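**Student:** Numbering of the sequence shown is given in the numbering used here, commencing with residue 3 and proceeding in unit increments. Let me begin by handing over the structure; questions about it come next.
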Amino acid sequence: MTNPFPAADQAEALKRDIGWLGSAVIALNGIMGAGIFALPGSLAADFGAFAPLMIILFGLPIFLIALPLAEVASFYDRTGGPVAYAREAFGPFVAFQTGWTYFVARLSAFAANVTVFAAYAATLAPVFESLFARTLLIAGVIALFAAANLASVRHAVGGLKALTILKVAPLLALALYALATQGLSQGEVRLPEFSEVETASLLILYAFVGFEHVVVLGGETKDARRTIPRAMTATLLATIALYFLVQLAYAAAMGDDDGGKAPLAAFGRTLLGEAGAVIISLAALFSIAGNCLSSAASTPRLAYALARDGLLPGWFAQVSKTRATPDNAIVFFCGLALALALTNGFALLAVVSTLARLLVYAVSLAALPIVRRRREAPPRRGVQKILAPAVLALGLAFCAFAVAQSKLDSWRVFGALLLVGAVLYAISRRAGRPAG
């Protein structure tokens, strides 16, 4: 059989308004949020002149996950991404666990990035350093993202395109200026101890995850089976190159200085004085806003997909008749994100997000051989017969290694959020909604 769920693949209530460029900016903004503005300082302090190579060391192995994920995405043109993969391969219960885990990953990342947004806003306007003003800012920003997504997915993607230019252009220009005026770092390149790499691994990975945002929007993407894999892999490669360039420039200008709470603002100040700090702080705000808008656009679609398949209460699957947006899911996501952002710090939320994503990546990769068999995919030929299974196995091993670095406090927060999902799942089952 070619498709076990043909009707489900076609019966979407959402409009297909996203093209290749829209998919690319969703993927880019999914990756590029707070991480690149927080990471260079800690990498420089911990690894010195070796820091740029850490970007490559952890950036390229991400393709061990991205390539199999792109292949499994090529079989689907419906909303849900990992929910759809797990449902077809492993059944409705695993689909729910996968979908809710991914919802938790995206939710905690969104909350983490909003806290960094508030921190960078405070560097420009110290009034936001007070708890009351910070709380109002976080609530206002989340409400703005909710409003943009309640309007329509087309409006959200349009905003992402503008934010992409506003955040990439200053970073790229300042990095090139630093390399032109400072040259390459003259520091000693010291190979780090393995234990040092282990300690930094999850925070480094946090700067790279998010490329998969686009797979969730399959039901709103034109020619999704071709568009999504190409946009995802091309964007990931471009982002790794940009991150490497920024880390190289930071090492040249700052050496092993960690730059304090806002390392790239300190980097800009070193190069261009206060004007440079302001430019980078604004770029950080645009970058984080783009990442959060990308999350607010795609994550509620996970709750919609779970409810559509009978795995969450039907309330989450309600779609606006005039705007074709999952309004209830958007409001639920933004409300829960506000609670998390006001009660937890960036580092813990970032690690929780990375932990949850890695588990979802592992399920999605494990689904690939089953989906290929059920969809009667053409047999692999030549070097692909050896290379593709090897990449898949290495990708799963990479996920297992990274998950093993998680600490107990991150598992506690993750477990509490899973409990919320279990309650919602029980409500759905008690209501007698058919799974799938």
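Positions of the beta carbon are idealized from the N, C-alpha and C atoms, including for glycine. Since the structure is predicted, the reported quantities are computational estimates derived from the model, not experimental observations.
Let's see if you can read the secondary structure: which residues bound the alpha helix (DSSP H) around Ile230?
**Tutor:** From DSSP, the alpha helix (DSSP H) with Ile230 extends over Ala226 to Met256.
**Student:** Which of the three DSSP states is assigned to Thr327 in this structure?
**Tutor:** Note: Thr327 maps to coil in three-state DSSP.
**Student:** Determine whether the beta carbon atoms of Ala286 and Phe39 lie at a separation below 8 angstroms.
**Tutor:** Contact flag set, yes.
**Student:** Alpha carbon to alpha carbon, what distance is there between Ile58 and Phe246?
**Tutor:** Looking at the two C-alpha atoms, the distance is approximately 7 angstroms.
**Student:** Measure the Cβ-Cβ separation of Pro70 and Leu370 and say whether it is below 8 angstroms.
**Tutor:** Yes, these two residues count as a Cβ contact at 8 angstroms.
**Student:** Nearest-angstrom Cα distance between Arg60 and Ile33?
**Tutor:** Looking at the sequence shown, residue 60 is not Arg but Phe. Roughly 14 angstroms between the two C-alpha positions.
**Student:** Should the stretch 297-308 be called in touch with the stretch 334-343, which here means at least 3 C-beta pairs below 8 angstroms?
**Tutor:** Enough Cβ pairs lie closer than 8 angstroms, so yes.
**Student:** Just how far apart, CA to CA, sit Val159 and Val218?
**Tutor:** For Val159 and Val218, the distance between alpha carbons rounds to 14 angstroms.
**Student:** If you reduce the DSSP assignment to three classes, tell me which class Leu219 lands in.
**Tutor:** In the structure shown, Leu219 sits in a strand (DSSP, three-state: E or B).
**Student:** Where DSSP assigns a beta bridge to Ile20, which residues make up the other side?
**Tutor:** Answer is Thr223, bridged to Ile20.
**Student:** Who are Thr81's beta bridge partners in DSSP?
**Tutor:** Answer is Leu219.
**Student:** With hydrogens ignored, establish whether the beta-carbon of Ser44 is closer than 7 angstroms to any heavy atom of the ligand MG.
**Tutor:** This structure lacks the ligand MG, and indeed carries no ligand of any kind.
**Student:** According to DSSP, is Ser187 part of a helix, a strand, or is it coil?
**Tutor:** Coil, per DSSP.
**Student:** Which stretch, first to last residue, makes up the alpha helix (DSSP H) that contains Asp440?
**Tutor:** Limits of the chain in this structure are 3 at one end and 438 at the other, which puts residue 440 out of reach.
**Student:** Taking contact to mean 3 or more Cβ pairs, one atom from each stretch, closer than 8 angstroms, check whether the stretch 101-118 and the stretch 247-258 are in contact.
**Tutor:** No, the stretch 101-118 does not touch the stretch 247-258.
**Student:** When the Cα atoms are used, what is the spatial distance from Gly316 to Ala53?
**Tutor:** Between Gly316 and Ala53, the C-alpha separation is close to 48 angstroms.
**Student:** Do you know how far the Cα of Ser283 is from the Cα of Ala46?
**Tutor:** So the alpha carbons of these two residues sit roughly 19 angstroms apart.
**Student:** Are Ile140 and Val170 touching if we call contact CB-CB under 8 angstroms?
**Tutor:** Cβ distance not < 8 angstroms, so Ile140 and Val170 don't count as in contact.
**Student:** What's the call for Thr327, buried or exposed, on a 16-neighbour Cβ count within 10 Å?
**Tutor:** Per the 10 Å Cβ criterion, buried.
**Student:** Classify Asp311 as buried or exposed, calling it buried when 16 or more other Cβ atoms lie within 10 Å of its own Cβ.
**Tutor:** Flag for Asp311 reads buried.
**Student:** Ignore the nearest five residues each way along the sequence and tell me which others in Leu238's own chain have a CB closer than 6 angstroms to its CB.
**Tutor:** If we look at Leu238 and ignore the five residues flanking it on each side, its Cβ neighbours are Ala68 and Phe213.
**Student:** Under the assumption that Phe77 contacts Arg377 (Cβ atoms under 8 angstroms), give the Cβ distance between them as a whole number of angstroms.
**Tutor:** Phe77 to Arg377, Cβ: 5 angstroms. Contact.
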